[in-house]
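What follows is one structure encoded as structure tokens, with my remarks underneath.
Protein chains: 4
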Amino acid sequence: MSGNSIGKLFVVTTFGESHGMAIGCVVDGCPPGLQLDKADIQPDLDRRRPGQSRFTTARSEDDKVEILSGVFEGRTTGTPIALLIRNTDQRSRDYSRIKNLFRPGHADFTYQRKYGIRDYRGGGRSSSRETAARVAAGAIARKYLKQRFGVQIAGYVAKLGPISADHIDWDEIGRNPFFFPDASKIPELERYLDSLRIAGDSVGARVNVVARGVPAGLGEPVFDRLDADIAHALMSINAVRGVELGDGFACVEQTGSQHRDEIEQTSFRSNRAGGTLGGISSGQDILASIALKPTSSIRIPGKTIDVDGKPATIETYGRHDPCVGIRAVPIAEAMVALVLLDHALRDRAQNAEVPRPPQAM
Amino acid sequence: MSGNSIGKLFVVTTFGESHGMAIGCVVDGCPPGLQLDKADIQPDLDRRRPGQSRFTTARSEDDKVEILSGVFEGRTTGTPIALLIRNTDQRSRDYSRIKNLFRPGHADFTYQRKYGIRDYRGGGRSSSRETAARVAAGAIARKYLKQRFGVQIAGYVAKLGPISADHIDWDEIGRNPFFFPDASKIPELERYLDSLRIAGDSVGARVNVVARGVPAGLGEPVFDRLDADIAHALMSINAVRGVELGDGFACVEQTGSQHRDEIEQTSFRSNRAGGTLGGISSGQDILASIALKPTSSIRIPGKTIDVDGKPATIETYGRHDPCVGIRAVPIAEAMVALVLLDHALRDRAQNAEVPRPPQAM
Amino acid sequence: MSGNSIGKLFVVTTFGESHGMAIGCVVDGCPPGLQLDKADIQPDLDRRRPGQSRFTTARSEDDKVEILSGVFEGRTTGTPIALLIRNTDQRSRDYSRIKNLFRPGHADFTYQRKYGIRDYRGGGRSSSRETAARVAAGAIARKYLKQRFGVQIAGYVAKLGPISADHIDWDEIGRNPFFFPDASKIPELERYLDSLRIAGDSVGARVNVVARGVPAGLGEPVFDRLDADIAHALMSINAVRGVELGDGFACVEQTGSQHRDEIEQTSFRSNRAGGTLGGISSGQDILASIALKPTSSIRIPGKTIDVDGKPATIETYGRHDPCVGIRAVPIAEAMVALVLLDHALRDRAQNAEVPRPPQAM
Amino acid sequence: MSGNSIGKLFVVTTFGESHGMAIGCVVDGCPPGLQLDKADIQPDLDRRRPGQSRFTTARSEDDKVEILSGVFEGRTTGTPIALLIRNTDQRSRDYSRIKNLFRPGHADFTYQRKYGIRDYRGGGRSSSRETAARVAAGAIARKYLKQRFGVQIAGYVAKLGPISADHIDWDEIGRNPFFFPDASKIPELERYLDSLRIAGDSVGARVNVVARGVPAGLGEPVFDRLDADIAHALMSINAVRGVELGDGFACVEQTGSQHRDEIEQTSFRSNRAGGTLGGISSGQDILASIALKPTSSIRIPGKTIDVDGKPATIETYGRHDPCVGIRAVPIAEAMVALVLLDHALRDRAQNAEVPRPPQAM
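Here is the structure:
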């Protein structure tokens, strides 16, 4: 398969460039009979949308989704669902200056090398604009997962540059523009981001995603393990440079007696594993964490070369995030949703006759 | 696809349980004309093999590979290559005691839940014995990558529990039984592992993999990005709990001006990205790092339940590693090789007509 | 994968129902650098379009294609190409009468059984309207195949009901509305189709497709043989009930001495095989032939049941073809193009280093 | 995917050449808990095995299957099942004469062209010996289909050269060595085949396959329609040149009023469709028919070229079938079984919540 599809049974194929006519996706394999309306999708798109505070990018896209197929009288038909989002605010003039430069830290150089041609406007296909299509598809998956299994998926910014959340208040996440779960740190965050904007720089972030209510038994070892597919899906998000499940890199220094999650009669005593054992969900919360690099689209000039290989200096103006990690939260949630639903269907295909107790552990 | 295949064009399907008759794999899509002999595969299997020092497991398998198909007069034919490794030292009696228990930290519980049946001997399919088949397949990929592209892949233990390698001596890696690149730390390592064996415990590790000579242009955005596929492949290795590319989680606190790899005329000035931009290789070294959890097969008793849900205590005897991370080195190298070759073929399929300069950067 | 994608490297995913907002497709894996414009696609859509003579359906769709992505400054970028065709003439009122009936010979019954829900307007997803999206994608494949390999694909109606073409005049095919290659039979054809319309009945057809200039070496045995994939692609067209390669069912009575295509120095002496040997193209013309059943949407009443299982009579009015086989010609050509290009890329992936003589045989 | 796997959820990957060490397959995705033993597989292999009468090939292979993995205590575990069949009677000397020739009608020429290398002994990978692995995998699928759904699959030779079966006696099929259902024609068949052997020639055949008890709802439109996937699977069998579903090519001359299968309260009135509507099973018998070409391995000399392009004459001696169609019967049954099970699992994955009435129609 060419690389623009994800999933084996719930398959999402995205298309579209930052400055093309539209972005969108086709969702193939959605179970029939699910009530579906644009109103199920738009809120997640709005959460992801730029232009929501002075701290994120200034590009103002409405990101209004249209459902072109696959839904009849308000219910999915089991046929492909095509979602379309027209690009409305493209401002091509912002990019003509850098048409002949390779912006360091961006994919300009590699796309040009690979394809011999690239749509340089706004990063073309490599732009994170494409992730809007993923979020739209993820909304469908989330709805089905919630209705059918009671699965809930929530993400938050655990660390923004040097500033960590010290405790998790789930209600706080939706109350500030940073998806940050610790209200006491918000003023510090705002000051820090303001200073970055003034300096023309950016910073990285760590985003956590938790999935609750995941039934035990999901995952297709040995290669399509649930944790491996989650890692794949999360690493496919622009700017991600690391993925952890459960205790992640903290495992390196743990002993076996410390690490293993002992089992009691009705539950596990801990969740260092992060929700999977041997690549299959255990019924515990899925705990994933990703590292996002700082965006390279900053005002501080940097050294690069042009398309002819000559030295050049680059600085970007226009509409950029000082911290792309913030907007990654709904994208990461969507990717986890896509993987979980795909695996729920795969597990059902092969193992529907295996008696499963109600979700106790 | 069921989850026992990896790759889209260079497809490896593994089979086999720890205590079954044999393990093996089918490699479908190997280019024809490659000289191939068991002697190309056996060394990597020997590197992985247990029983090579007092510090690793005592199970003594010869792991002799047979080539059943796909090779004629010493060259690959382009048809599927089946590799077989007979199990010779299975000692089922070691596991009958734990037949009715779910060993915490292992996949017993999840396999039983998923399939309703499990081969409890040695972990069955969930055992890391299965990785011998991956290493065998990886040897084929490595040979082709080396001959055709000059790609070299090397891994090492960067950190074993609390003990870090302070510098990398590539020649040292093959001289000690730990794949450890810092000779000055070897005595400390040996003492530490001895103490773990006496205590009946285990510890985690960090393993790094470096791939050199990777041509620019590999990777299939937006989902099958090279970094995402590498993350998937590495996370599919038993005991892996985290994956980083380039600076990984260190990116969280980096600013954009620090992180981006500026481009000079003939090369990049740094490699924080870890070898990919926008999910496509840049020609720089691919730098990946994984976290391996400590094995849960330890002699220290732990709390668990039996198959009827009653409380029980577990302690395992027999042949186990105090640090599985050591043996993960050749497995991680093999997985990276499989991904790189698969992507080399995918890139060639679509972009063979794009003029590519010789590998300069 | 859910079943709405075809191809492994040149992957086409279609979406859309007969009476939904739009139909379309995403083409993923098109090589970059191909000049592409709507004008490359529209002619094939026009050939397929209904309403072109009194002998085909009266539904008048413009079938104007829009390119939403994957093309920049007139050339393909290697990223997904989304094609959209808005439905403009849907006339839902034609179908409300049959909302609760299962039209015999149609997919109403099976879609309802499978999904528990169906868009009954015009057959929904099962309508042959969906094939417009395939023809659009096929036009891209045809252009690339022609430019890169000199491949030419042409189809024609070989038999319409009882009326056979006695000789093939390639220039005649485009001159009449039946894709019929024998001018001497046209008056007879017209009279016959008029009589069917008056009787309110329909008839089947045989369509042949010839592909010239196909390089030797395409096909991925043992399952993805070129002939098997062509059979799959053609059988996926609505109304197809049989597929033959080369001499097809005439082989049953042939002896080996009659059937085999002997090889002379520069060519084969015959082409009973139809262009493949062992599932791989030989360089000879690919000769495929399909049988299309008569449409079941006719005015003659038929016995059926309603959605509650009660007996009912059905007759359909509105806009229907007396012979769907006529319109299958451009669809069959498109399907063959998709398969050939997918295989050209797959062959290139694995075997690009095998020296290939120029296309002599 | 490289082309040696078939299926999306019940995936079979075969390997092995005619004169290699072994042939075999890996079956990935078998539901767990199925009782499975070699005795479930061997009978179908014996039905396919050469050397069972003076009318089929003289190569005497035992075709003893070994199960290497995926079964524990007599039940499938849900993990990959590897099946191995050692080659025991290879007689390489039969083929050294033709090492440098391209046998007309065989895949020698195309394999050499595609891969630049071929195992010339017995046709290597292109030999129908490979189909033993398919039959072995098919036996597993058949068992599951029978137990879970009550599906029965049976094939027979409908026509051998000029000799047709005039009526179908299901019990007769297993009583003669030709899978022929009309006892009255057996003496004529024997005389005809004897005459072919004496003449050193061969003839084609038509084989029918019927699948009963197939639940309605199987098939994944629009591309992975059940009929399209059956056509693909059957056309992938060596020597197949045509596939028909239902009335097949007879549809060409049928009118709509003749063709459509009207629906009565409890059943369909006919089955011209052959068991599917819109690519989805209707609950009616699946009726497929294939045309097999006569083998080109005959004693009558033929014109060809050698590997250097010089004219040559070829005649083959040794162990060949005068009618390969006879042995295609169990292979065709196996292929239909693989497709039906794969589709049963795919349908279950997406549509398990759709209420399905008991199999009435």
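Chains as they are written, first to last, in the working numbering: chain A, -9 to 351; chain G, -9 to 351; chain P, -9 to 351; chain W, -9 to 351.
C-beta: ideal position from N, C-alpha, C; glycine also.
Simplified DSSP assignment, three categories, for R38/W: Start at 1 with the first residue of the fourth sequence, and residue 38/W comes out as number 48. DSSP places R38/W in helix when its eight states are reduced to three.
Please identify the residue among G23/G, I253/G, R124/G, D27/G whose C-alpha is closest to the C-alpha of L224/G. Against the second sequence, residue 224/G aligns to sequence position 234. The shortest C-alpha to C-alpha distance from L224/G to any of G23/G, I253/G, R124/G, D27/G is the one to R124/G.
Would D191/W count as contacting chain G if we go by Cβ distances under 8 Å?
Counting from 1 along the fourth sequence, the entry for residue 191/W is found at position 201. No - not a single Cβ of chain G is within 8 Å of the one on D191/W.
### Message
I believe I75/G touches V55/G by the beta-carbon criterion, under 8 Å. Please report the beta-carbon distance rounded to the nearest angstrom.
### Response
Position 85 of the second sequence, counting from 1, holds the residue named residue 75/G. Position 65 of the second sequence, counting from 1, holds the residue named residue 55/G. Confirmed, about 5 Å.
* Environment of P301/A [buried if 16+ CB atoms lie within 10 Å] -> Counting from one through the first sequence, the residue named residue 301/A turns up at place 311. Burial call: exposed.
query = Got a sec: which bits of the segment 1 to 29 of chain P sit with their beta carbon under 9 Å from any beta carbon on chain G, in order along the chain?
reply = Residues of the segment 1 to 29 of chain P whose Cβ lies closer than 9 Å to any Cβ of chain G, in chain order: G19, C20, P21, P22, G23.
(Q) Considering only their Cβ atoms, is the gap separating P21/A from N341/W smaller than 8 Å? (A) Start at 1 with the first residue of the fourth sequence, and residue 341/W comes out as number 351. Start at 1 with the first residue of the first sequence, and residue 21/A comes out as number 31. The criterion of a C-beta distance shorter than 8 Å is satisfied by N341/W and P21/A.
Let's see if you can read the secondary structure: which residues bound the alpha helix (DSSP H) around R352/G?
Here chain G covers residues -9 to 351 and nothing more, so residue 352/G does not appear.
Practice task
Return the residue from the list I188/W, G128/W, G194/W, L330/W that minimises the CA-CA distance to I276/W.
Solution key: Position 286 of the fourth sequence, counted from the first residue, corresponds to residue 276/W. Residue L330/W is the option with its Cα nearest to I276/W.
Query raised in the report: Along the segment 297 to 330 of chain A, what residues have a CB closer than 7 Å to any CB found in chain G?
Result: Taking 7 Å as the Cβ-Cβ cut-off, the segment 297 to 330 of chain A approaches chain G at G299, P301, given in chain order.
Among R346/P, Q248/P, F92/P, whose alpha-carbon lies nearest the alpha-carbon of T303/P?
Residue numbering aside, residue 303/P sits at position 313 when the third sequence is read from its first letter. Ranked by how close their Cα comes to the Cα of T303/P, the residues R346/P, Q248/P, F92/P have F92/P in first place.
> Does T245/P come within less than 8 Å of chain W when only Cβ atoms are used?
Replying inline: Sequence index remark: in the third sequence, residue 245/P carries index 255 (1-based). Output row for T245/P: interface = yes.
Is Y146/G close to chain A? Criterion is C-beta to C-beta, closer than 8 Å.
The residue given as residue 146/G occupies position 156 in the second sequence. Closer than 8 Å: no.
At 9 Å on the CB atoms, spell out the chain G contacts of G107/W, in chain order. One-based indexing of the fourth sequence puts residue 107/W at position 117. Just to set this straight, residue 107/W is Ile in the shown sequence, not Gly. For I107/W, the neighbours in chain G by C-beta distance under 9 Å run, in chain order, P22, G23, F62, E63, R65, T66, T67, G68.
Between G264/W and Y146/W, what straight-line distance do the alpha-carbon atoms span, to the nearest angstrom? Within the fourth sequence, the letter at position 274 stands for residue 264/W. Within the fourth sequence, the letter at position 156 stands for residue 146/W. If you take the alpha carbons of G264/W and Y146/W, they lie about 16 Å apart.
Do you know whose CA, among D52/P, S257/P, A240/P, lies nearest H249/P's CA? The residue given as residue 249/P occupies position 259 in the third sequence. It is A240/P.
Grab the span of the beta strand (DSSP E) containing G232/P for me, first residue to last. In the third sequence, counting from the first residue as 1, residue 232/P sits at position 242. Per DSSP, the continuous beta strand (DSSP E) segment holding G232/P begins and ends at 230 to 235.
Notebook entry, point to check: On the three-state DSSP scale, how would you describe V141/P?
Noted result: For this step, residue 141/P is matched to residue 151 along the third sequence. Shown here, V141/P sits in coil according to DSSP, grouped into three states, outside any helix or strand.
Exercise. Taking C-beta pairs closer than 8 Å, name the residues in chain A that I270/G reaches, listed in chain order.
Key: Here residue 270/G corresponds to residue number 280 of the second sequence, with the count starting at 1. At a C-beta separation below 8 Å, I270/G has these neighbours in chain A: A97, T100, Y101, R103, K104.
Checklist entry - What are the start and end residues of the alpha helix (DSSP H) that includes E178/W? => result The residue you call residue 178/W lines up with position 188 of the fourth sequence. Note, E178/W: alpha helix (DSSP H), 176 to 189.
**Q.** Closest Cα partner of R261/G within the set R202/G, D311/G, G209/G, R215/G
**A.** Looking up residue 261/G in the second sequence gives position 271. Per the sequence shown, residue 261/G should be read as Asn rather than Arg. Closest option to N261/G, Cα to Cα, is R202/G.
How big is the Cα-Cα spacing for S272/W and G151/P? On the fourth sequence, residue 272/W is found 282 positions in, with the first residue counted as 1. On the third sequence, residue 151/P is found 161 positions in, with the first residue counted as 1. S272/W and G151/P have their alpha carbons spaced roughly 26 Å apart.
Going by DSSP, name the residue or residues bridged to K149/P. Taking the first residue of the third sequence as position 1, residue 149/P is located at position 159. DSSP lists S154/P, R196/P as partners of K149/P.
inquiry  = If the criterion is Cβ atoms closer than 8 Å, does the pair A229/G and T285/G meet it?
reply    = Position 239 of the second sequence, counted from the first residue, corresponds to residue 229/G. Position 295 of the second sequence, counted from the first residue, corresponds to residue 285/G. Yes, they are a contact pair.
Can you have a look at S185/P and say buried or exposed, based on whether 16 or more other CB atoms are within 10 angstroms of its CB? For the purposes of this step, residue 185/P is taken as residue 195 along the third sequence, with counting starting at 1. It is exposed - the Cβ of S185/P has fewer than 16 other Cβ atoms within 10 Å.
> Looking at the structure shown, is P130/G part of a helix, part of a strand, or coil, going by DSSP?
Replying inline: Position 140 of the second sequence, counting from 1, holds the residue named residue 130/G. One detail in the question is off: residue 130/G reads as Ile in this sequence, not Pro. Secondary structure of I130/G (DSSP, three-state): helix.
Cβ of D332/P within 8 Å of Cβ of K(-2)/P? Numbered from its first residue, the third sequence carries residue 332/P at position 342. Numbered from its first residue, the third sequence carries residue -2/P at position 8. Between D332/P and K(-2)/P, the C-beta gap is smaller than 8 Å, which places the two residues in contact.
Original post:
From V200/W to A155/W, what does the alpha carbon distance come to, in whole angstroms?
Top reply: Numbered from 1 along the fourth sequence, position 210 holds the residue referred to as residue 200/W. Numbered from 1 along the fourth sequence, position 165 holds the residue referred to as residue 155/W. V200/W and A155/W have their C-alpha atoms spaced approximately 15 Å apart.
- prompt: Who are S271/G's beta bridge partners in DSSP?
  reply: For the purposes of this step, residue 271/G is identified with residue 281 of the second sequence, where counting begins at 1. In the DSSP output, where bridge partners are listed per residue, S271/G has T266/G.
Quiz item: How about F62/A and L267/G: do their beta carbons lie closer than 8 Å?
Solution: Mapped onto the first sequence, residue 62/A falls at position 72. Mapped onto the second sequence, residue 267/G falls at position 277. Going by C-beta atoms, F62/A is not nearer than 8 Å to L267/G.
Who pairs with V61/A in a beta bridge, going by DSSP? Along the first sequence, one-based indexing puts residue 61/A at 71. Beta-bridge pairing links V61/A to T66/A.
Pick helix, strand or coil for S(-5)/W, following the three-state DSSP scheme. As a first step, residue -5/W is located in the fourth sequence; it is residue number 5 there, counting from the start. Shown here, S(-5)/W sits in a strand according to DSSP, grouped into three states.
Note to self: Quick check on T4/A: buried or exposed, where buried means 16 or more other Cβ atoms within 10 Å of its Cβ?
What the structure shows: Here the question's residue 4/A lines up with position 14 in the first sequence. T4/A comes out buried.
* Asked: Would you call the CB atoms of A97/W and S118/W closer than 8 Å?
  -> Translated into the one-based positions of the fourth sequence, residue 97/W becomes position 107. Translated into the one-based positions of the fourth sequence, residue 118/W becomes position 128. No.
- Message: Just to make sure I have the definition right: I need the residues of chain P whose C-beta is within less than 9 Å of the C-beta of S118/A. Which are they?
- Response: For the purposes of this step, residue 118/A is identified with residue 128 of the first sequence, where counting begins at 1. Going along chain P, no residue has its Cβ under 9 Å from S118/A, so there is no contact; the nearest lies around 15 Å.
| query | Looking at the structure shown, is G299/W part of a helix, part of a strand, or coil, going by DSSP? | reply | Taking the first residue of the fourth sequence as position 1, residue 299/W is located at position 309. Looking at G299/W - three-state DSSP - the assignment turns out to be coil, as it is neither helix nor strand.
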